[in-house]
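For the sequence shown, the working numbering begins at 12 and goes up steadily by one.
Idealized CB from N, CA, C, for every residue including glycine.
None of the values given here were measured: they were computed from a predicted structure.
Scroll down for the structure; my scribbles are underneath it.
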Amino acid sequence: MIFEGRIVVSLIMLALFAGMVGYAFTFPADARFLPWVIGIPGLLFCIGQLIIELRNRTPEQRDPGERRRELKMFAWFVAFIGAILLFGFVYAGPVLVAAYLYFDWHERPLVVVLSAVVAFAVLFGIFEWALELRLFGGFLDRMLPF
C-alpha cells in the first residue's frame, strides 16, 4: 500500500525540498545560493530514499505500536512547523526543543532547561547577534503593532 509511513515521509520531504529549490529560483542571484546548497543535495537524497523505499516494499508484520509512534512523530513535525511559522525560529525553537525533550523523551528538567538555553544561544546568539542573520520571525511578529 502506498500509504506506508516511510514512503509518506519520503514523499513529504521530497515535496519540501522540491518546493524550497523551486522557490529559490525567484530569489536574486546572491540570495538563492544558500537554499540551493541545502536544497539540491537534500532533493537528491530524498529521491534516492524514495526509490529505496519503493523497491523495498515487502509485506511485513507491523508492530501494533508502530502506527501510534508514526502519528506521534507527525504530530511533533506539525507542531514544530506550525510554531515556527507563527512565532519564528528564535522563540519557537527553544520552547519546542524543551517540550519535545520533556514530553516525548521524558528527560530530567535540568537537561530540558539546558537544551532550551543552548538552542536559544545558537539561534539568537550565533545567527542573529554574531552573524547578524535575521531568522524568520514568524507571522505573529509581523501582525503585532510593536
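If you drop the 5 nearest sequence neighbours on each side, which residues of the same chain put their C-beta closer than 8 Å to that of residue i?
i           : result
residue 104 : 95, 130, 131, 134
residue 76  : none
residue 18  : 61, 64, 65, 68
residue 49  : 31
residue 38  : 46
Hey, how far is the Cα of residue i from the Cα of residue j?
i           : j           : result
residue 84  : residue 113 : 15 Å
residue 139 : residue 147 : 10 Å
residue 166 : residue 118 : Residue 166 lies beyond the stretch modelled for the chain, which goes from 12 to 157, so this question has no answer here.
residue 156 : residue 150 : 12 Å
residue 145 : residue 102 : 13 Å
residue 141 : residue 128 : 16 Å
residue 8   : residue 111 : Given that the chain is displayed from residue 12 to residue 157, the structure contains no residue 8 and the question cannot be resolved.
residue 51  : residue 27  : 11 Å
residue 12  : residue 79  : Confidence at residue 12 is low in this model, with a pLDDT of 47, below 50, so its placement is unreliable and the value that follows should be read with caution. Between residue 12 and residue 79, the C-alpha separation is close to 18 Å.
residue 153 : residue 92  : 17 Å
residue 123 : residue 74  : 30 Å
residue 136 : residue 121 : 21 Å
residue 33  : residue 116 : 36 Å
From what residue to what residue does the alpha helix (DSSP H) around residue i run?
i           : result
residue 114 : Residue 114 -> no alpha helix (DSSP H), and no H or E assigned at all.
residue 152 : 150 to 154
residue 47  : 44 to 66
Might you give, ordered along the chain, the residues of its own chain that have their beta carbon closer than 6 Å to the beta carbon of residue i, omitting 5 neighbours on each side?
i           : result
residue 42  : none
residue 35  : 43, 46, 47
residue 143 : none
Going by C-alpha to C-alpha distance, which of the options sits closest to residue i?
i          : options           : result
residue 53 : 142, 21, 143, 125 : 21
residue 16 : 153, 86, 55, 81   : 81
residue 56 : 29, 116, 40       : 29
State the CB to CB distance for the pair residue i and residue j, rounded to an integer number of angstroms; the pair is presumed to be in contact (CB under 8 Å).
i           : j           : result
residue 126 : residue 108 : 5 Å
Between which residues of its own chain and residue i is the CB-CB distance below 7 Å, once the five residues before and five after are set aside?
i           : result
residue 98  : 149, 151
residue 90  : 107
residue 58  : 25
residue 100 : 134, 146, 147
With 8 Å as the threshold, decide whether the Cβ of residue i is near any Cβ in chain D.
i          : result
residue 31 : Although the question refers to chain D, the structure presented lacks it and comprises just one protein chain.
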